[in-house]
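Comments concern the structure below.
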Amino acid sequence: MKFALFLGCTVPARGLNYELSARNVAEKLGIELVDILEFTCCGFPIRSLNQDAGFLMAARNLAMAEKQELDVVTLCSACTETLQEANYHFIHNPEALDDMNKKLVKYNLEYKGTVIVKHFARMLHEDYGIDNIKEKVVRPLEEIQVAAHYGCHYIKPTKIYDNYDDPENPHSLDELIEVTGAKSLFYREKDKCCGGAILGIREIDALNMSRAKLDCAIEAKADALISICPFCSVMYEGNQKRIEKEFEVTYKLPILYYPQLLGLALGIEPIDLGFKLNRIKAKALLEKLESEPEPVT
Amino acid sequence: MEVIQAELLDPSFVEEVKNTPGGEPITKCFACGTCSVSCPVREFDEEFNPRKIIHMVLLGMRDRVLNSEFVWLCSGCGACQERCPQDVMITELMMALKNIAVKHGIVHKAFELQAGEIYKFGRLFEVGDLNKRREKINLPSIPEDPMPVRKILDDFGVGEIARRVIEQD
Numbered sequence: 001m002k003f004a005l006f007l008g009c010t011v012p013a014r015g016l017n018y019e020l021s022a023r024n025v026a027e028k029l030g031i032e033l034v035d036i037l038e039f040t041c042c043g044f045p046i047r048s049l050n051q052d053a054g055f056l057m058a059a060r061n062l063a064m065a066e067k068q069e070l071d072v073v074t075l076c077s078a079c080t081e082t083l084q085e086a087n088y089h090f091i092h093n094p095e096a097l098d099d100m101n102k103k104l105v106k107y108n109l110e111y112k113g114t115v116i117v118k119h120f121a122r123m124l125h126e127d128y129g130i131d132n133i134k135e136k137v138v139r140p141l142e143e144i145q146v147a148a149h150y151g152c153h154y155i156k157p158t159k160i161y162d163n164y165d166d167p168e169n170p171h172s173l174d175e176l177i178e179v180t181g182a183k184s185l186f187y188r189e190k191d192k193c194c195g196g197a198i199l200g201i202r203e204i205d206a207l208n209m210s211r212a213k214l215d216c217a218i219e220a221k222a223d224a225l226i227s228i229c230p231f232c233s234v235m236y237e238g239n240q241k242r243i244e245k246e247f248e249v250t251y252k253l254p255i256l257y258y259p260q261l262l263g264l265a266l267g268i269e270p271i272d273l274g275f276k277l278n279r280i281k282a283k284a285l286l287e288k289l290e291s292e293p294e295p296v297t
Numbered sequence: 298m299e300v301i302q303a304e305l306l307d308p309s310f311v312e313e314v315k316n317t318p319g320g321e322p323i324t325k326c327f328a329c330g331t332c333s334v335s336c337p338v339r340e341f342d343e344e345f346n347p348r349k350i351i352h353m354v355l356l357g358m359r360d361r362v363l364n365s366e367f368v369w370l371c372s373g374c375g376a377c378q379e380r381c382p383q384d385v386m387i388t389e390l391m392m393a394l395k396n397i398a399v400k401h402g403i404v405h406k407a408f409e410l411q412a413g414e415i416y417k418f419g420r421l422f423e424v425g426d427l428n429k430r431r432e433k434i435n436l437p438s439i440p441e442d443p444m445p446v447r448k449i450l451d452d453f454g455v456g457e458i459a460r461r462v463i464e465q466d
């Protein structure tokens, strides 16, 4: 399996542990990830100002992947949505595709609409497959229980993802977690948004949104919250101390990227999964996994 | 409660929204309120109320809507849109309202700043010393070439917004 890896802006700057663990997990599973140097911002922040400009940025990135005959996997859910939203729009509206190609000519590019865009987690779940992952698990993480955070753009809008997962009761990330041997907890507010998109607009609303979910993950006694988006992690991890101060609460809840969790089960060392870069240390979780299983008497 | 003044309403507003991508289905709304009860922002902030915003647009309250901060408060999560029984595509509608505000020269500072960064670097964050940090953990260098993105932003008038904020720096 071979894909173009679309890093976007936030992952290579603020999610080095995500990128490192995803690359090492992919290597361990025999999935080849190709870096395309011409990739730029996906267009997500620009769409709010001008949808056409955002879509053209997305189309330019897609055209770069198409040139190399590669499908795209993404790590950031906002990139996934923006690239796929544009892709869906062009594939389902031949006129829009024509119109966009007239604009792309200026950049010596053409997009035929052949690229498939998938989130890294969806690729693991759907293309690589849970059964195949299971075969590669060498260290089942049976001692720990975690809270799956799906975020929003990984599955919504469902229309552009051909109804890949149920937005009301999603299961793909839970399955990806359970295959590592860890328990995926049911917790309140599981489907809620991190609030990251409005952090710069009205901070207190965004912090409140993240607080609500952290409260519920703690209530469910999670050893960690599992994220698949750098924006969500910026909210839950990067802003966790701020939330603790603002609302006078204590969490110290580790926020792991899914490939960090999977990597442990595949036998990759924590250092190669970027655990040192986690701002809230997962020391207690790693200790649980280090201790020898209790002997059977 | 503030009285709505009929003479200040602008019926052309709803037409403008309907003619903007994402805004087309707005007149299908039958005001059930599923969007507002599904909204995670509304849970903490009464000012962001999708049902009310839709009603304001349908009434033609152009100035109140476009000059509000609530136009920028949608987190884009899509919960409302998945549940809307009338397929109003509320998340896309909020995107359309932002696009219309920008067309009329109203841009929220946070989005202006982001446009400025993307115009300068082609991405949201400056590469700067980042590649040294990346090299230390064996991650490949990332390039910084703002030109292709700059060209796109200039072609769509977004470059102007970006340059305005860069010049203020």
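Protein chains in written order, with my numbering: chain A, 1 to 297; chain B, 298 to 466. Ideal placement from N, C-alpha and C gives every residue a C-beta, glycine not left out.
Fill in: Backbone secondary structure at A:V34 - three-state DSSP
For this step, residue 34 of chain A is matched to residue 34 along the first sequence. The answer is strand: DSSP assigns A:V34 an E or B state.
Practice prompt. Give the single residue among A:E110, A:L199, A:A284 whose Cα lies nearest to the Cα of A:S233.
Written response: Mapped onto the first sequence, residue 233 of chain A falls at position 233. Ranking the options by Cα distance to A:S233, first place goes to A:L199.
Worksheet entry | Rounded Cβ spacing between B:Y416 and B:R461 (contact assumed at less than 8 Å) | Translated into the one-based positions of the second sequence, residue 416 of chain B becomes position 119. Translated into the one-based positions of the second sequence, residue 461 of chain B becomes position 164. That pair is no contact at about 10 Å.
Discussion item. Just verifying my parser: in three-state terms, what is the DSSP assignment at A:K159?
Written reply: Here residue 159 of chain A corresponds to residue number 159 of the first sequence, with the count starting at 1. Of the three classes helix, strand and coil, the one that applies to A:K159 here is coil, per DSSP.
Discussion item. Contact between the stretch 22-33 of chain A and the stretch 54-64 of chain A is defined here as three or more beta-carbon pairs at a separation below 8 Å; is this criterion met?
Written reply: Remark: fewer than three beta-carbon pairs, one from each stretch, lie closer than 8 Å, so the stretch 22-33 of chain A and the stretch 54-64 of chain A are not flagged as touching.
Discussion item. Please return the same chain residues whose Cβ sits closer than 6 Å to the Cβ of A:A212, not counting the five positions on each side in sequence.
Written reply: For the purposes of this step, residue 212 of chain A is taken as the residue at position 212 of the first sequence. Within the same chain, A:A212 has close Cβ partners E189.
Worksheet entry | Length-filtered (4 minimum) alpha helix (DSSP H) runs lying within the stretch 356-390 of chain B | Whole alpha helix (DSSP H) segments, 4+ residues: 359-363, 376-380.
Discussion item. So that I know if they touch, is there some Cβ in chain A lying closer than 9 Å to that of B:P440?
Written reply: In the second sequence, counting from the first residue as 1, residue 440 of chain B sits at position 143. It does: the Cβ of B:P440 has a partner Cβ on chain A nearer than 9 Å.
Item to complete: Using a Cβ cut-off of 9 Å (strictly closer), state whether A:S48 contacts chain B.
Response: Stepping through the first sequence from its first residue, residue 48 of chain A is reached at position 48. By the rule that beta-carbons nearer than 9 Å mark a contact, A:S48 touches chain B.
Worksheet item: Count the other CB atoms within 10 Å of the CB of A:E19; is the residue buried (16 or more) or exposed (fewer)?
Response: The residue you call residue 19 of chain A lines up with position 19 of the first sequence. Buried.
Practice prompt. Quick one: give me the first and last residue of the alpha helix (DSSP H) that A:T80 is part of.
Written response: Taking the first sequence and counting its residues from 1, the one referred to as residue 80 of chain A is at position 80. First-last of the alpha helix (DSSP H) with A:T80: 77-92.
Worksheet item: Three or more beta-carbon pairs under 8 Å between the stretch 236-253 of chain A and the stretch 117-133 of chain A, yes or no?
Response: Short answer: they don't touch.
Worksheet item: How should A:T80 be labelled, buried or exposed, when 16 other C-beta atoms within 10 angstroms of its C-beta is the threshold for buried?
Response: Within the first sequence, numbered from 1, the residue matching residue 80 of chain A stands at position 80. By the neighbour-count rule (16 or more Cβ atoms within 10 Å), A:T80 is buried.
Fill in: 7 Å Cβ cut-off: residues of chain A touching B:P269
Since the first and last residues shown for chain B are 298 and 466, residue 269 of chain B lies out of range.
Fill in: A:Y258, enclosing alpha helix (DSSP H) - first and last residue
As a position in the first sequence, residue 258 of chain A is number 258, starting the count at 1. Start and end: 258-265.
Worksheet item: Apart from the five residues on each side of it in sequence, which residues of its chain come closer than 7 Å, Cβ to Cβ, to A:S210?
Response: Translated into positions along the first sequence, residue 210 of chain A becomes position 210. So the list reads C194, G195, M235, Y236, N239, I243, once near-sequence residues are dropped.
Item to complete: For B:P437, return the contacting residues in chain A, with the cut-off set at a CB-CB distance below 7 Å.
Response: The residue labelled residue 437 of chain B in the question sits at position 140 within the second sequence. Under the 7 Å cutoff, chain A gives D35.
Worksheet item: In three-state terms, what does DSSP make of B:V354?
Response: As a first step, residue 354 of chain B is located in the second sequence; it is residue number 57 there, counting from the start. Helix.
Fill in: Between the CA atoms of B:G330 and A:F44 - distance to the nearest angstrom
Stepping through the first sequence from its first residue, residue 44 of chain A is reached at position 44. Stepping through the second sequence from its first residue, residue 330 of chain B is reached at position 33. The straight-line gap from Cα to Cα measures roughly 28 Å.
Practice prompt. Would you verify that the beta carbon of A:A212 is, or is not, closer than 9 Å to some beta carbon of chain B?
Written response: Your numbering for residue 212 of chain A matches position 212 in the first sequence. Closer than 9 Å: yes.
Item to complete: Would you check if the stretch 315-330 of chain B and the stretch 390-409 of chain B touch, i.e. whether three or more CB-CB distances between them fall below 8 Å?
Response: yes
Item to complete: Determine the closest residue to A:K245 out of A:H125, A:A22, A:I204, A:Y88, with distance taken between C-alpha atoms.
Response: Position 245 of the first sequence, counting from 1, holds the residue named residue 245 of chain A. Among A:H125, A:A22, A:I204, A:Y88, the Cα nearest to that of A:K245 belongs to A:I204.
Discussion item. Using a Cβ distance threshold of 8 Å, determine whether the stretch 38-54 of chain A contacts the stretch 75-92 of chain A, with at least three qualifying pairs required.
Written reply: Enough Cβ pairs lie closer than 8 Å, so yes.
Discussion item. Under 9 Å, Cβ to Cβ, is there at least one residue of chain B near A:A13?
Written reply: Sequence index remark: in the first sequence, residue 13 of chain A carries index 13 (1-based). It does: the Cβ of A:A13 has a partner Cβ on chain B nearer than 9 Å.
Practice prompt. Would you kindly report the start and end of the unbroken beta strand (DSSP E) that includes A:S227?
Written response: Working through the first sequence from its first residue, we reach residue 227 of chain A at position 227. Here the beta strand (DSSP E) through A:S227 covers 224-227.
Item to complete: Could you spell out the range, first to last residue, of the beta strand (DSSP E) harbouring A:Q145?
Response: The residue labelled residue 145 of chain A in the question sits at position 145 within the first sequence. First-last of the beta strand (DSSP E) with A:Q145: 145-148.
Worksheet item: Based on Cα-Cα distance, which residue from A:P170, A:V146, A:A282, A:A148 lies nearest to A:K156?
Response: Here the question's residue 156 of chain A lines up with position 156 in the first sequence. Residue A:P170 is the option with its Cα nearest to A:K156.
Worksheet entry | Nearest candidate by alpha-carbon position, reference B:S335, set B:Q378, B:G402, B:F327 | Numbered from its first residue, the second sequence carries residue 335 of chain B at position 38. Considering only alpha carbons, the answer is B:Q378.
Discussion item. Given a cut-off of 9 Å on the beta-carbon distance, is the pair A:C152 and B:A376 in contact?
Written reply: Taking the first residue of the first sequence as position 1, residue 152 of chain A is located at position 152. Taking the first residue of the second sequence as position 1, residue 376 of chain B is located at position 79. Contact flag set, yes.
Worksheet item: By DSSP, does A:K48 sit in helix, in strand, or in coil?
Response: Position 48 of the first sequence, counting from 1, holds the residue named residue 48 of chain A. It is worth fixing the name first, because residue 48 of chain A is Ser in this sequence and not Lys. Reduced to three states, the DSSP call for A:S48 is coil.
Discussion item. Could you check whether the stretch 66-73 of chain A touches the stretch 449-457 of chain B, counting it as contact only if at least three pairs of C-beta atoms, one from each stretch, sit closer than 8 Å?
Written reply: no
Fill in: Classification of A:N278 by the beta-carbon crowding that lies within 10 angstroms, buried from 16 upward
Mapped onto the first sequence, residue 278 of chain A falls at position 278. A:N278 should be labelled buried.
Practice prompt. Determine, using beta carbons only, whether A:V146 and A:A22 come nearer to each other than 9 Å.
Written response: Start at 1 with the first residue of the first sequence, and residue 146 of chain A comes out as number 146. Start at 1 with the first residue of the first sequence, and residue 22 of chain A comes out as number 22. Against a cut-off of 9 Å, the Cβ pair of A:A22 and A:V146 comes out as no contact.
Practice prompt. Buried or exposed for B:R431, please, with buried defined as at least 16 other CB atoms from any protein chain shown within 10 angstroms of its CB.
Written response: Taking the second sequence and counting its residues from 1, the one referred to as residue 431 of chain B is at position 134. By the 10 Å Cβ count, B:R431 comes out buried.
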